[in-house]
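Read the structure below first, then the notes.
In the numbering used here, the protein residues as written are 1 to 143.
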């Protein structure tokens, strides 16, 4: 599904393609490279709001139903250091080795293929979504 969202954003594909993938028709979706998919910061505002409201109804924090709110702010420095040392450095190394960003950028623009490993580009350019119950293929057009 990540690839559907990426292709829909980077091409002229109508946004209702996302809704169509949740329908009864079978849709073959290409896989997006995992490189660069990173949950930058978990968000717990809604959870914390519900927990706070529930906790206010309790007599004390010793109640077994009491739940602490989730807050990663005290650990932000440790988290940032981990991301730099363990995640970003590995992502940069893999991008360097495989020329991933250049390949993905050229799928969108397609103007400077001389600098791209065209075997990887060819693999990615052929992606289409097929609806098994429809008489035609739904393509992601280029800009």
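Note that beta-carbon positions come from the ideal geometry of N, C-alpha and C, so glycine has one too.
Check whether residue 153 and residue 4 have beta carbons under 8 angstroms apart:
Here the chain covers residues 1 to 143 and nothing more, so residue 153 does not appear.
Which of the three DSSP states, helix, strand or coil, is assigned to residue 51?
helix
Straight-line Cα distance separating residue 21 from residue 77
40 angstroms
Decide yes or no for the touch test of the region 60-77 against the region 42-51: beta carbon pairs closer than 8 angstroms, at least 3 of them.
yes
Nearest-angstrom beta carbon gap, residue 35 and residue 94 [assumed within contact, 8 angstroms]
6 angstroms
Pick from 24, 80, 67: whose alpha carbon is nearest that of residue 52?
67
Straight-line CA distance for residue 40 to residue 57?
33 angstroms
Three-state secondary structure (DSSP) at residue 29?
coil
Output the distance between the C-alpha atoms of residue 54 and residue 44, rounded to the nearest integer angstrom.
15 angstroms
Whose CA, out of 2, 10, 11, 42, lies closest to the CA of residue 29?
2
How many angstroms separate the CA atom of residue 14 from the CA atom of residue 63?
51 angstroms
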